[in-house]
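Respectively, the protein sequence lines represent chains F and E. In this text, residue positions in the first sequence follow the numbering used here: the first is 52, and each later residue adds one. In this text, residue positions in the second sequence follow the numbering used here: the first is 52, and each later residue adds one. Every residue, glycine too, gets a C-beta built ideally from N, C-alpha and C.
Protein chains: 2
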Amino acid sequence: MRTRDKILKEALKQFNGLGVEKTTTRHIASALGMSQGNLHYHFANKDLLIKELFDNFIQKITEVRKYEYQVLFKKEDVLASMDLSFSVMYKYRFLFRDNETVWRRLSSIKKAMLELLAGRKVEIKQIISHYVKQNIFRPDISDSQQEYLADQFVFNITSWLNASEYLGVTKQKSNYFAKFTFRQWLPYLVSEEMKNWEELLGEK
Amino acid sequence: MRTRDKILKEALKQFNGLGVEKTTTRHIASALGMSQGNLHYHFANKDLLIKELFDNFIQKITEVRKYEYQVLFKKEDVLASMDLSFSVMYKYRFLFRDNETVWRRLSSIKKAMLELLAGRKVEIKQIISHYVKQNIFRPDISDSQQEYLADQFVFNITSWLNASEYLGVTKQKSNYFAKFTFRQWLPYLVSEEMKNWEELLGEK
DNA sequence: GTCTATACAGCGATAGAC
DNA sequence: GTCTATCGCTGTATAGAC
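Quick look at the structure:
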């Protein structure tokens, strides 16, 4: 593995574990048995490390999305898609946990992240709208409630990482939260569908 | 105002605004036109500042809870109660935004915070159970789904502060999120109730 | 590319004068 | 109580030898 990549890998590990502010170039370098001077040869400053990790994140999350674009309406596929997205987000969780720190340092990341989420919201509204047309969702759910559901979805995907401690979640994080998020739709379903979905999501 | 209190007030302001790690005793002192030495006369170290602010938070949030304990089942009261809680949490938002940093420094706060939330979950389950018995909630909602709803509630109250940027919320934060959280219950209601509640929550 | 050495700034905290 | 002065440490980043 190239030195550059080793540094990136270790930086990601420490950003996720210790947080962005507590992670230092000294610390990263020494964990790799490398001098700090050498690290700064490869990455002139800490922000460049963050920037490159963010670019990697965007690349992976875009890949995941593209992959399932056409199969998105079947409930098993929606669930699997969420699971995949969540696992990528989990890998780069410092971007969400320390979002304020990161955004303060690099405002371009803030912009890109908000755009990403706006795109997600549009997608989710399409799915919901599809379910309403197919009579999978109940007919008495108002438009504003559908809008709300999409907001709740965005809220969930951005917040789940911080919440795991509060909820006492330890293992299988991405899978747990994919179900957690998906489960929010249960009461919107018509009765016949509800049983199927509840089965898919398994007992809590 | 006593010097002690001035320091606490400024510390809270900076913790909320800059984050705990970026806030320094130097910074707090100079904002008050006071020497750093003097600040350290009143608070020997930074952790004592955090600790005292946390104690104030606990005192206020407990007060708020006690106050409406008996009226908790009417929907208007539940909403008002949430609004009050959220506004206290907002005042001490660094405790939630920087929860990992704070918990790393003072594990006693982690313990107390998790207990507080566990209590909240119990309360919310009581309310839900009450609504089910009163036939305000639909009868076809499973027990595990009720449990889930309580978890979602805890998830919401702990995460809303970080999410406002993602959702584009700017003003009236506590009121907005009280409704946001409450609105999650809409699809669980029987049809007749749904209209009343939707009116209470207003158009999005 | 990788190292050592070092400059420089900022932090928490303490000592001692007033 | 409040101040100034200072210590010891840790952080980012650069310079120059190999």
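State buried or exposed for residue i, treating a residue as buried only when at least 16 other CB atoms are found within 10 Å of its CB.
i	result
Thr54 of chain E	exposed
Pro190 of chain F	exposed
Met245 of chain F	buried
Phe124 of chain E	exposed
Asp194 of chain E	exposed
Val173 of chain F	exposed
Gln329 of chain F	Given a span of 52 to 255 for chain F in the structure shown, any question on residue 329 of chain F remains unanswerable.
Leu99 of chain E	exposed
Asn67 of chain F	buried
Asp106 of chain F	exposed
Val139 of chain F	buried
Thr113 of chain F	exposed
Val153 of chain F	buried
Asn150 of chain F	buried
Gln203 of chain F	buried
Met52 of chain E	exposed
Could you give the first and the last residue of the continuous alpha helix (DSSP H) run that contains residue i?
i	result
Val241 of chain F	Segment: none, Val241 of chain F is in no alpha helix (DSSP H) and carries neither H nor E.
Asp56 of chain F	Thr54 to Leu69
Leu130 of chain F	Lys126 to Lys142
Val153 of chain E	Asn150 to Arg156
Asn89 of chain E	Gln87 to His93
Pop quiz: residue i and residue j are said to be a contact at Cβ under 8 angstroms. What is the actual Cβ separation, rounded to whole angstroms?
i	j	result
Phe228 of chain F	Trp211 of chain F	4 angstroms
Ala82 of chain F	Phe206 of chain E	That pair is no contact at about 34 angstroms.
Leu251 of chain E	Leu130 of chain E	7 angstroms
Tyr141 of chain E	Lys224 of chain E	6 angstroms
His93 of chain E	Thr76 of chain E	With 8 angstroms as the limit, His93 of chain E and Thr76 of chain E do not qualify as a contact, their Cβ atoms being about 10 angstroms apart.
Glu72 of chain F	Glu243 of chain E	In fact, because the Cβ distance is near 52 angstroms, the residues do not count as touching under 8 angstroms.
Leu146 of chain E	Phe108 of chain E	6 angstroms
Gly209 of chain F	Leu168 of chain F	Checking the sequence, you will find Thr at residue 209 of chain F rather than Gly. About 7 angstroms separates the two Cβ atoms, so the contact holds.
Ile101 of chain F	Arg156 of chain F	7 angstroms
Ile179 of chain E	Gln197 of chain E	5 angstroms
Helix, strand or coil: how does DSSP classify residue i here?
i	result
Lys255 of chain F	Low per-residue confidence applies at Lys255 of chain F: pLDDT is 45, beneath 50, and the placement is therefore not dependable, though the value from the model is reported in the following sentence. In this structure, Lys255 of chain F counts as coil in the three-state DSSP scheme.
Trp236 of chain E	helix
Phe188 of chain E	strand
Lys230 of chain E	helix
Thr209 of chain E	helix
Ala82 of chain E	helix
Glu103 of chain F	helix
Gln223 of chain E	coil
Ser180 of chain E	helix
Lys161 of chain E	helix
Glu198 of chain E	helix
Met245 of chain F	helix
Thr257 of chain F	The structure shown does not extend to residue 257 of chain F, since chain F spans only 52 to 255, so no value can be given for it.
Ser215 of chain E	helix
Query raised in the report: If contact means a Cβ-Cβ distance below 9 angstroms, which residues of the stretch 76-98 of chain E contact chain F?
Result: none
Inset, instruction - Residues of the stretch 226-249 of chain F with a CB closer than 8 angstroms to any CB of chain E: list them in chain order, please. - result: Phe231, Arg234, Gln235, Leu237, Pro238, Tyr239, Ser242, Met245 and Glu249
Taking a Cβ distance cut-off of 7 angstroms, strictly less, list which residues of the stretch 207-222 of chain F are near chain E, in chain order. Thr209, Ser210, Asn213, Ala214, Tyr217 and Leu218
Legend entry - Residues, ordered as in the chain, of the stretch 112-146 of chain F that lie near chain E by beta-carbon distance below 9 angstroms: none
Interfacial residues, the stretch 165-195 of chain E to chain F, with Cβ spacing under 8 angstroms: Leu165, Leu168, Arg189, Asp191, Ile192, Ser193 and Ser195
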